[in-house]
Amino acid sequence: MKGTITLQRLMILPILALTLLLAACFGKVDRVVTNYYVLDYQSSTERQELKQDVSNGKSLQVMNSRINRTYNRNQIVAKENFYRVRFMSNDLWANRLSDAIPNIITQRLRTYNIFSNVSRDSGQFDPDYYLETNVLNIEKLEDKDPRAYLRIEFVLRDSTSENVILTHRNERYYPLTDDSVVYLIQVFNNLIMEETNTFAAMCIMHFAGRPIKKPGIDFQDPLTAPEQYIYQQLEDQEANQVYGELFLSTKAPITNEMLYRVEALDELNTKVSEHVGAFNSPLYLIPGKYRVITGYNDDIRMIMNVFPQQRTVVERNWCELKVRVLDQTQSKVRQIYDIWIQNEDDYGYTKVGTDFSLSDDQHGIEENLWILPPGNYMITLGGYSWSDLKDFTTVCLKKGDSHTLTVVVDPSSSSGNIMV
Numbered sequence: 017m018k019g020t021i022t023l024q025r026l027m028i029l030p031i032l033a034l035t036l037l038l039a040a041c042f043g044k045v046d047r048v049v050t051n052y053y054v055l056d057y058q059s060s061t062e063r064q065e066l067k068q069d070v071s072n073g074k075s076l077q078v079m080n081s082r083i084n085r086t087y088n089r090n091q092i093v094a095k096e097n098f099y100r101v102r103f104m105s106n107d108l109w110a111n112r113l114s115d116a117i118p119n120i121i122t123q124r125l126r127t128y129n130i131f132s133n134v135s136r137d138s139g140q141f142d143p144d145y146y147l148e149t150n151v152l153n154i155e156k157l158e159d160k161d162p163r164a165y166l167r168i169e170f171v172l173r174d175s176t177s178e179n180v181i182l183t184h185r186n187e188r189y190y191p192l193t194d195d196s197v198v199y200l201i202q203v204f205n206n207l208i209m210e211e212t213n214t215f216a217a218m219c220i221m222h223f224a225g226r227p228i229k230k231p232g233i234d235f236q237d238p239l240t241a242p243e244q245y246i247y248q249q250l251e252d253q254e255a256n257q258v259y260g261e262l263f264l265s266t267k268a269p270i271t272n273e274m275l276y277r278v279e280a281l282d283e284l285n286t287k288v289s290e291h292v293g294a295f296n297s298p299l300y301l302i303p304g305k306y307r308v309i310t311g312y313n314d315d316i317r318m319i320m321n322v323f324p325q326q327r328t329v330v331e332r333n334w335c336e337l338k339v340r341v342l343d344q345t346q347s348k349v350r351q352i353y354d355i356w357i358q359n360e361d362d363y364g365y366t367k368v369g370t371d372f373s374l375s376d377d378q379h380g381i382e383e384n385l386w387i388l389p390p391g392n393y394m395i396t397l398g399g400y401s402w403s404d405l406k407d408f409t410t411v412c413l414k415k416g417d418s419h420t421l422t423v424v425v426d427p428s429s430s431s432g433n434i435m436v
């Protein structure tokens with residue numbers, strides 16, 4: 017009997033130990049917190065000049081927003097480039113955007129007293145007009161300069177004839193100087209309200225019988241406060257350009273930043289502005305024609321067109337060269353070298369540039385990557401000219417080539433020639 021009890025106790029002890037071990041393991045698991053965000057009405061973005069003392073006597077029903085399918089979900093959307101999106105799994109909308117967006121638009125239009133009645137509920141009255149809103153994009157653009165992006169459309173429709181009375185479409189970028197999601201939601205909120213302000217001003221002008229003209233036209237009559245507001249917004253809208261991308265890449269992997277220049281061109285290919293881009297990173301530009309300038313001596317030039325919301329990839333019509341100098345023990349040697357390109361007449365060489373190879377002591381540094389035009393090249397060591405025909409080697413580089421030239425030397429040589 018005693019043996020049986022002792023055996024049972026021995027069996028229970030491992031079970032208790034395992035239970036305590038599992039409890040300790042599960043206790044260390046970090047729970048991922050899910051954050052929920054709302055679009056909330058902010059009176060700070062109201063415009064006093066749009067508030068009306070007397071309404072137009074018409075009623076308005078604000079319909080549910082139509083949300084582009086990509087964004088009609090709980091997850092907040094981040095776009096890594098023009099065609100790839102990411103859904104923030106732990107940052108969610110607390111309410112459906114199709115309901116949240118028209119709710120704050122309704123509050124704004126009520127505040128301005130343009131219509132005698134503004135409602136979301138169709139059962140309260142028979143409205144004179146319907147307001148439809150279409151949200152085509154509402155996303156965070158992720159790059160080295162993150163931005164919020166909104167593309168939205170307002171459509172005012174007559175309830176009887178269902179004819180469109182007026183429309184307002186716009187797309188807006190706004191830089192995100194704060195990385196927090198809270199600030200991103202605040203920017204979304206403000207962008208929606210600012211576009212609602214513009215739509216409200218358009219409604220005021222429409223019901224006052226004042227047609228909306230293109231910005232820049234001289235007006236005979238003094239402008240009302242809502243008119244001054246909307247024309248300023250329309251001018252800002254024209255200046256708010258949609259961007260495209262320019263992309264140059266190296267074939268060889270690099271960790272150091274390598275820069276190139278870009279010149280914006282007019283119809284006569286005259287430079288009007290200049291930008292600086294980095295290889296392997298997209299450069300955001302206003303759509304148009306550009307001259308891309310790269311190469312060690314700025315001798316590689318290409319004219320490219322950048323299109324809205326598209327990436328223009330520059331064809332790699334240059335070649336790449338790295339020069340590595342080793343001794344006979346396979347150790348890196350710091351050595352001065354010159355690169356020369358053969359002249360087009362096949363006689364003689366022209367100097368391209370000078371640099372030093374890296375030694376084993378130079379940690380965390382990579383060999384210089386030369387961006388060169390296709391051609392025949394000579395590399396000389398020790399400061400010799402191409403005409404000395406001493407301590408040199410040659411290499412032919414074709415368009416698109418990426419070549420690492422390894423030169424073996426004997427630094428202790430007494431013959432005057434160090435190249436093996």
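If you're matching positions, the sequence shown starts at 17 in this note's numbering and goes up one per residue. Think of the CB as a built atom: it goes at the ideal place given N, C-alpha and C, for glycine as much as any other residue. No experiment lies behind these values; they were computed from the predicted model shown.
Check	Outcome
Option nearest V48 by Cα separation, candidates T61, Q58, S105, L284	S105
Own chain partners of N359 with C-beta closer than 7 Å, once the 5 adjacent residues on each side are dropped	Y365, T366
Contact check, F170 vs S75, beta carbons under 7 Å	no
Other residues of its chain near I92: CB distance less than 6 Å, five sequence neighbours each side excluded	M104, D107
Burial state of R100 (16 or more Cβ within 10 Å)	exposed
Buried or exposed by the 16-neighbour rule on C-beta atoms within 10 Å, applied to T193	exposed
Range covered by the alpha helix (DSSP H) that runs through N206	197 to 223
Span of the alpha helix (DSSP H), counted from its first residue to its last, around N119	113 to 128
Through-space distance from D371 to E383, alpha-carbon basis	10 Å
Sequence-distant residues of the same chain with beta carbon closer than 7 Å to Y199, five excluded per side	L192
Outcome for T286 when other beta-carbon atoms lying within 10 angstroms are tallied against a minimum of 16	exposed
I181 versus L172 - alpha carbon distance	5 Å
Exposure label - M221; buried when at least 16 CB within 10 Å	buried
Integer-rounded CB distance, given that E336 should sit under 8 Å from T396	Actually they do not touch by this definition, with Cβ atoms about 20 Å apart.
Where T410 falls: helix, strand or coil (DSSP)	strand
Exposure label - C412; buried when at least 16 CB within 10 Å	exposed
Span of the beta strand (DSSP E), counted from its first residue to its last, around A164	163 to 174
Straight-line gap, T420 to V339 (C-alpha atoms, nearest Å)	6 Å
Sheet register partners of P191 (DSSP bridge)	R163
Inter-residue spacing [alpha-carbon to alpha-carbon] between N150 and R85	11 Å
Pairwise C-alpha distance: Q64 and D174	27 Å
Residue(s) in a DSSP beta bridge with G391	L413
Cut-off 6 Å between Cβ atoms - residues of its own chain near F323, not counting five sequence neighbours on either side	G260, P303
According to DSSP, residues forming a beta bridge with F103	V93
Burial state of Y87, where buried means 16 or more other Cβ atoms lie within 10 Å	buried
Anticipated Cβ contact below 8 Å, T328 with Y276, distance rounded	Contact doesn't hold; Cβ gap of about 14 Å is too wide.
Collapsed DSSP secondary structure at E261 in the structure displayed	strand
Nearest-angstrom Cα separation, counted from A280 out to D291	Sequence check: residue 291 is His here, not Asp. Each residue's alpha carbon lies about 8 Å from the other.
Which of helix, strand or coil DSSP assigns to K18	Any answer about K18 is weak, because its pLDDT of 49 lies below 50 and its placement is not dependable; what the coordinates show is given next. Of the three classes helix, strand and coil, the one that applies to K18 here is helix, per DSSP.
M318 - containing beta strand (DSSP E), residue span	316 to 322
Test item: CB-CB of N423 and V341 under 7 Å	According to the sequence as given, residue 423 is Val; it is not Asn. Going by C-beta atoms, V423 is nearer than 7 Å to V341.
Residue environment, I381, which counts as buried when at least 16 other CB atoms sit within 10 Å	exposed
Beta-carbon proximity list for P390, same chain, < 7 Å, skipping 5 on both sides	C335, L413, K414, K415
Of the residues Q351, Q326, Y306, the one placed nearest M318, counting alpha carbons only	Y306
Neighbourhood of S81 by C-beta distance below 6 Å, restricted to the same chain and skipping five residues each side	S114, I117, P118, T149, V151
Expected contact under 8 Å - CB spacing of D137 and P298 to nearest Å	Actually they do not touch by this definition, with Cβ atoms about 46 Å apart.
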